[in-house]
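Report on the following structure.
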């Protein structure tokens with residue numbers, strides 16, 4: 054596939070960290086939230102994975118986002134990025150560490166990361182984003198598949214109840230502390246919410262948890278950002294939705 | 054989906070570790086290789102994920118294998134299992150540590166884990182196993198989709214060359230040492246090899262690497278095991294294939 058001409062924002066040369074991302078990709082959003090929670094400055098470079106940009110493929114042959122670059126170290130994929138940040142920033146972060154605890158607790162955080170960023174993403178946001186957003190821009194000429202959109206919305210209901218179930222038993226997604234599992238779940242829900250597809254009325258417990266997560270300063274930049282040509286519903290940015 | 058009656062092998066009560074697995078699942082095979090490389094004794098329990106066994110879903114609501122249980126700690130998913138073993142066994146393993154090095158090197162190992170266990174698995178072994186094996190046993194009544202089998206085989210060629218490319222530059226998959234990336238790539242290839250689908254003649258470098266990995270003692274139990282009703286080609290167990 055040929056890559057089409059595009060302009061990158063000029064990089065801020067003072068920024069130590071560059072994150073290659075896609076605005077409505079839940080894994081990219083998780084990486085941004087994680088960087089913000091650790092108080093790290095970073096520069097964003099938007100990738101359109103379907104363009105298969107040569108320089109980007111040289112960094113990550115899988116051609117997927119997010120990819121983080123720091124001082125020449127390329128970290129490809131959301132799992133590797135979260136582990137890298139835990140290894141390089143976690144030990145100094147004290148109670149703000151995002152992958153905390155003993156091995157058993159860390160295993161539960163990682164199970165939930167797989168749940169939200171692999172299972173839920175493939176069952177929910179990947180359908181919604183591909184049909185409602187990507188097909189508008191990727192020049193494939195394909196029209197949205199309403200069956201896939203309906204499937205994504207039906208699956209979302211099930212995942213919303215699972216979040217409600219977990220939050221009826223815990224203070225945060227994986228236990229007593231905020232972890233990357235909360236950020237991943239919040240990121241995934243925020244994508245569906247941008248597209249107006251979350252039936253918030255169906256689970257009060259899940260909604261209350263999301264209101265807390267959405268109010269965190271780390272969420273501000275995400276909520277303020279708009280994708281050209283696609284406006285989110287007003288409640289998307291409303292902290293009291 | 055109702056779960057059908059089935060018998061588990063009685064557990065060895067002395068075994069500290071139980072691994073719930075599926076014989077031709079590359080992620081399960083990776084977990085077995087990793088446990089064996091660390092010299093850990095473990096008991097296997099075979100799961101048929103399509104049966105959605107109630108006790109298994111209670112452990113891992115995602116219903117996927119592998120799941121490892123040690124002293125009541127449930128670790129679900131291959132990523133979480135590899136990280137758990139690194140955290141609990143890695144520091145004492147010295148040069149036999151399977152996720153070694155500084156954060157940047159560990160990031161490269163994890164990139165390759167995603168490559169082999171997510172990308173390659175979804176493009177190769179999941180097609181081959183679903184069409185050639187699962188459909189025989191899951192009572193869906195569906196017949197094998199030859200287009201999917203052809204796609205899996207075509208993708209395998211591309212992945213074999215990527216392995217050859219990496220091994221033309223490195224001693225092991227992720228650098229100078231054996232890591233979980235070698236075990237994951239070996240596990241994924243071993244599944245396709247069991248089904249007789251690897252075109253070994255197409256990449257000598259990849260073949261030479263696989264011969265080395267396959268000769269490791271950790272591979273023995275895998276190679277000796279047969280799936281009922283499906284015999285591997287003779288070269289599957291041959292160390293000099």
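Chains as they are written, first to last, in our numbering: chain B, 54 to 294; chain A, 54 to 294.
Quick reminder that beta carbons are idealized off the backbone N, C-alpha and C, glycines included.
Beta-carbon proximity of residue i to residue j, cut-off 8 Å
i	j	result
residue 140 of chain A	residue 164 of chain B	no
residue 134 of chain B	residue 119 of chain B	yes
residue 167 of chain B	residue 130 of chain A	yes
residue 84 of chain A	residue 271 of chain A	no
residue 95 of chain B	residue 72 of chain B	yes
residue 258 of chain A	residue 221 of chain A	yes
residue 155 of chain A	residue 91 of chain A	no
residue 292 of chain B	residue 267 of chain B	yes
residue 240 of chain B	residue 86 of chain B	yes
residue 209 of chain B	residue 250 of chain B	yes
residue 213 of chain A	residue 255 of chain A	yes
residue 244 of chain A	residue 79 of chain A	yes
residue 186 of chain B	residue 283 of chain B	yes
Residue i versus the options, residue with shortest Cα-Cα distance
i	options	result
residue 253 of chain A	A:90, A:211 and A:185	A:211
residue 175 of chain B	B:242, B:91, B:89 and B:230	B:242
residue 81 of chain B	B:99, B:257 and B:93	B:99
residue 207 of chain A	A:287, A:177, A:262 and A:137	A:177
residue 169 of chain B	B:214, B:234 and B:161	B:234
residue 264 of chain A	A:283, A:248 and A:216	A:216
residue 137 of chain A	A:245, A:294 and A:70	A:70
residue 104 of chain B	B:188, B:172 and B:142	B:188
residue 161 of chain A	B:157, B:191, B:121 and B:108	B:121
residue 285 of chain B	B:157, B:247 and B:190	B:247
residue 262 of chain B	B:74, B:278, B:283 and B:226	B:226
residue 117 of chain A	A:199, A:294, A:102 and A:195	A:102
residue 190 of chain A	A:280, A:157, A:202 and A:274	A:280
residue 75 of chain A	A:278, A:294, A:201 and A:287	A:278
residue 173 of chain B	B:238, B:194 and B:109	B:238
Three-way DSSP call (helix, strand, coil) for residue i in this model
i	result
residue 95 of chain B	strand
residue 55 of chain A	Confidence in residue 55 of chain A is poor, its pLDDT being 35 and thus under 50, which makes the residue's placement too unreliable to answer from.
residue 121 of chain A	strand
residue 293 of chain B	coil
residue 145 of chain B	helix
residue 132 of chain A	helix
residue 61 of chain B	Confidence in residue 61 of chain B is poor, its pLDDT being 45 and thus under 50, which makes the residue's placement unreliable; the coordinate value appears in the next sentence. It is coil, neither helix nor strand.
residue 66 of chain B	Model confidence at residue 66 of chain B stands at a pLDDT of 48, short of 50, so the residue's coordinates are unreliable; what they give is reported in the following sentence. Reduced to three states, the DSSP call for residue 66 of chain B is coil.
residue 77 of chain B	coil
residue 254 of chain A	helix
residue 177 of chain A	coil
residue 151 of chain B	coil
residue 217 of chain A	helix
residue 110 of chain A	helix
residue 239 of chain A	helix
residue 72 of chain B	strand
residue 228 of chain A	strand
Min CB distance residue i to chain D below 8 Å
i	result
residue 232 of chain A	Going by chain labels, chain D is absent from the structure shown, which instead holds the protein chains B and A.
Integer Cβ distance of residue i from residue j, believed to fall under 8 Å
i	j	result
residue 132 of chain A	residue 132 of chain B	6 Å
Proximity test, residue i beta-carbon vs the ligand ADP heavy atom, cut-off 7 Å
i	result
residue 260 of chain A	With respect to the ligand ADP, the structure offers nothing, as it holds no ligand at all.
Are there three or more Cβ pairs, one per stretch, closer than 8 Å when the stretch 125 to 143 of chain A is compared with the stretch 172 to 186 of chain A?
-> Taking 8 Å as the limit for Cβ pairs, the verdict is that the stretch 172 to 186 of chain A does not touch the stretch 125 to 143 of chain A.
So does the stretch 149 to 158 of chain A actually touch the stretch 217 to 232 of chain A, counting three or more Cβ pairs closer than 8 Å?
-> With a cut-off of 8 Å, the stretch 217 to 232 of chain A and the stretch 149 to 158 of chain A count as touching, because enough Cβ pairs lie within range.
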